[in-house]
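The letter at position 28 of the sequence shown is residue 22 when you use my numbering, and the numbering goes up by one with no holes. For reference, the structure discussed in these notes is given below.
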Amino acid sequence: MKILICGKGGSGKSTLASLLAKNLLTKGYRVLVVDTDESNYGLSTQLGMEDPKALMDQLGGKAAILNKQLSAFNAGKPVITLNESWTIDEIPSECVTKKGDLYLMQIGKVHHFEEGCACPMGGLAKDFVCQLNLAPKDVAIIDTEAGTEHLARGVASGVDVVLMVLDPSCESIKLSEKTSAMASEAHKSVYFILNKINASLAETMLNKLGKTRVIAQIPFNQSIQQKGLTGEELETDVPEIEAIANFVIQNS
Ligand SMILES: Nc1ncnc2c1ncn2[C@@H]1O[C@H](COP(=O)(O)OP(=O)(O)OP(=O)(O)O)[C@@H](O)[C@H]1O
Ligand SMILES: [Mg+2]
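See the structure below:
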């Protein structure tokens, strides 16, 4: 089962990825969290894990991948960045950090001023996610960068479920329309998780979004915010995560 998590900047995507990963571990799944966000560095901290070597660096670095992509593009061929198809055990060991049955990998991060666009990471993310071979008790949770770039790149084409995290903002509601429209082009449904809300904010959001695709409402949680500030591992008990985990299991 492959689950993609998306939403606007700061809405709580990486928080949900971390909490959902830990819940699925308790259900006996082996969980691979795939960090496809080229700009943010918080996910490994939230999981309480070390950063692995990025897959892009393992494959020769950004320039090498970009050259490969450009050569294919200029030759009018499909831009395939990664030919290999891997199971979780076949991912190069340097590219994974492990904690029990929890695995973390990163596609690639931006490091330098004027290093150029993130096309190499986007193409690699799509190919890796689409070609990842999972066993029945394996789950991949793909944490994406803010906005819709991952949809433009086609990363969602390789997943079973798309979860969008919405914080209480007009921007999240607008983005939900665009995300739904783009995902439907990939024949995917998007399910919404309201985050950092209270009863009155939830009512306003449900009036705008409708109820049918909202699968959970996570209240503003002081402990999550505090851990986000101090950089501690997220071990907070958030009861709503159980329903989200059961939903993805049933809908994959
Ligand atoms: N339910 C919640 N209650 C309180 N704070 C929250 C909640 N969910 C997330 N946060 C806090 O909001 C901030 C952003 O969360 P997170 O990093 O998960 O968002 P994101 O969508 O992954 O952001 P980015 O777009 O930068 O990757 C963090 O400081 C996190 O601790
Ligand atoms: Mg994030």
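Glycine residues also receive a C-beta, built at the ideal position from the N, C-alpha and C atoms.
Exercise for the section: Starting from ILE212, trace the beta strand (DSSP E) both ways and give me its first and last residue. Expected result: Here the question's residue 212 lines up with position 218 in the sequence shown. Where ILE212 is concerned, the enclosing beta strand (DSSP E) stretches over 208 to 213.
Handout entry: CYS113 in three-state terms, based on DSSP
Key = Walking along the sequence shown from the start, residue 113 turns up at place 119. If DSSP states are grouped into helix, strand and coil, CYS113 belongs with the helices.
Problem - Straight-line Cα distance separating ALA193 from PHE67 - result: Your numbering for residue 67 matches position 73 in the sequence shown. Your numbering for residue 193 matches position 199 in the sequence shown. C-alpha separation (whole angstroms): 50 Å.
Exercise for the section: Taking 8 Å as the cut-off, decide whether the C-beta atoms of GLY102 and LEU49 are in contact. Expected result: Numbered from 1 along the sequence shown, position 108 holds the residue referred to as residue 102. Numbered from 1 along the sequence shown, position 55 holds the residue referred to as residue 49. For GLY102 and LEU49, yes; Cβs fall inside 8 Å.
Practice task
Report yes if the C-beta of LYS16 is less than 7 Å from at least one heavy atom of ligand 2; otherwise report no.
Solution key: Translated into the one-based positions of the sequence shown, residue 16 becomes position 22. Answer for LYS16: no, Cβ out of range of ligand 2.
Practice task
Run the proximity test for ASN34: is its beta-carbon closer than 7 Å to any non-hydrogen atom belonging to ligand 2?
Solution key: Indexing the sequence shown from 1 puts residue 34 at position 40. Taking 7 Å as the cut-off, the C-beta of ASN34 counts as close to a heavy atom of ligand 2.
Practice task
Tell me, please, which residues DSSP counts as bridged to THR253.
Solution key: Limits of the chain in this structure are -5 at one end and 246 at the other, which puts residue 253 out of reach.
Exercise for the section: Look at the alpha carbon of HIS144 and the alpha carbon of ALA150, and state the distance between them as a whole number of angstroms. Expected result: Taking the first residue of the sequence shown as 1, we reach residue 144 at position 150. Taking the first residue of the sequence shown as 1, we reach residue 150 at position 156. Each residue's alpha carbon lies about 7 Å from the other.
Practice task
Please indicate yes or no: does the CB of ASP137 lie closer than 7 Å to some heavy atom of ligand 2?
Solution key: By 1-based counting over the sequence shown, the position of residue 137 is 143. Of the heavy atoms belonging to ligand 2, at least one sits nearer than 7 Å to the Cβ of ASP137.
Practice task
Could you check what DSSP says for MET43 in three-state terms: helix, strand or coil?
Solution key: The residue given as residue 43 occupies position 49 in the sequence shown. Here DSSP, grouped into helix, strand and coil, assigns MET43 to coil.
Problem - Residues bridged to ILE191 (per DSSP) - result: To locate residue 191, count along the sequence shown from 1; it is residue 197. Bridge partners of ILE191 according to DSSP: PRO213.
Exercise for the section: State the Cα-Cα distance for the pair LEU19 and ASP95, rounded to the nearest angstrom. Expected result: Indexing the sequence shown from 1 puts residue 19 at position 25. Indexing the sequence shown from 1 puts residue 95 at position 101. Going by C-alpha positions, LEU19 is about 7 Å away from ASP95.
Exercise for the section: Output the residue ranges of the alpha helix (DSSP H) runs that lie fully inside the segment 133 to 197 and measure 4 residues or longer, sorted by chain position. Expected result: Under the rule that a run must span 4 or more residues, the alpha helix (DSSP H) segments found entirely inside the segment 133 to 197 read 143 to 147, 164 to 179.
Practice task
Please check the pair ASP121 and THR75, which I expect to be a contact at CB under 8 Å, by giving their CB distance rounded to whole angstroms.
Solution key: For the purposes of this step, residue 121 is identified with residue 127 of the sequence shown, where counting begins at 1. For the purposes of this step, residue 75 is identified with residue 81 of the sequence shown, where counting begins at 1. About 5 Å; that satisfies the 8 Å criterion.
Practice task
Compare the C-alpha of SER32 against each of LYS93, ILE136, LYS(-4) and name the closest.
Solution key: Residue numbering aside, residue 32 sits at position 38 when the sequence shown is read from its first letter. Here residue 32 turns out to be Glu, not Ser, going by the sequence shown. The shortest Cα separation from GLU32 among LYS93, ILE136, LYS(-4) belongs to ILE136.
Handout entry: Unbroken beta strand (DSSP E) run spanning THR9, endpoints
Key = Within the sequence shown, residue 9 is the residue found at index 15, counting from 1. For THR9, no beta strand (DSSP E) encloses it; the enclosing alpha helix (DSSP H) starts and ends at 7 to 20.
Problem - alpha helix (DSSP H) segment containing LYS56, residue limits - result: The residue you call residue 56 lines up with position 62 of the sequence shown. Counting along the chain, the alpha helix (DSSP H) containing LYS56 begins and ends at 56 to 68.
Exercise for the section: Would you mind working out which of ALA11, VAL90, VAL155 sits nearest LYS47, comparing C-alpha positions? Expected result: Stepping through the sequence shown from its first residue, residue 47 is reached at position 53. The candidate whose alpha carbon is nearest that of LYS47 is VAL90.
Exercise for the section: Within its chain, find whatever has a CB closer than 7 Å to the CB of CYS0; leave out the 5 residues flanking it on each side and keep chain order. Expected result: Start at 1 with the first residue of the sequence shown, and residue 0 comes out as number 6. Correct list, in chain order: LYS7, THR138, HIS144, VAL156, MET158, THR173.
Practice task
Use the C-beta contact count for THR198: other C-beta atoms within 10 angstroms, 16 or more gives buried, fewer gives exposed.
Solution key: Mapped onto the sequence shown, residue 198 falls at position 204. Label assigned to THR198: exposed.
Practice task
Would you be able to state if there are at least three C-beta pairs under 8 Å between the segment 182 to 192 and the segment 209 to 221?
Solution key: Short answer: they touch.
Practice task
Could you check which residue in LEU60, ILE(-3), GLN100 has the C-alpha nearest to that of ALA15?
Solution key: The residue labelled residue 15 in the question sits at position 21 within the sequence shown. If you compare the alpha carbons of LEU60, ILE(-3), GLN100 with that of ALA15, the shortest gap goes to ILE(-3).
Exercise for the section: Return yes when at least one heavy atom of ligand 2 lies under 7 Å from the C-beta of ASP31, else no. Expected result: As a first step, residue 31 must be located in the sequence shown, where it is residue number 37. Proximity of the beta carbon of ASP31 to ligand 2 is indicated: a heavy atom of the ligand is located closer than 7 Å.
Practice task
Could you tell me the distance, in whole angstroms, from the CA atom of ARG207 to the CA atom of GLU236?
Solution key: For the purposes of this step, residue 207 is taken as the residue at position 213 of the sequence shown. For the purposes of this step, residue 236 is taken as the residue at position 242 of the sequence shown. If you take the alpha carbons of ARG207 and GLU236, they lie about 17 Å apart.
Problem - LEU13 Cβ short of 7 Å to ligand 2 heavy atom set - result: Here residue 13 corresponds to residue number 19 of the sequence shown, with the count starting at 1. No, since every heavy atom of ligand 2 falls outside the 7 Å radius drawn around the Cβ of LEU13.
Practice task
Pull up the DSSP beta-bridge partners for MET99, would you.
Solution key: Against the sequence shown, residue 99 aligns to sequence position 105. According to the DSSP secondary-structure assignment, MET99 is paired through a beta bridge with VAL28.
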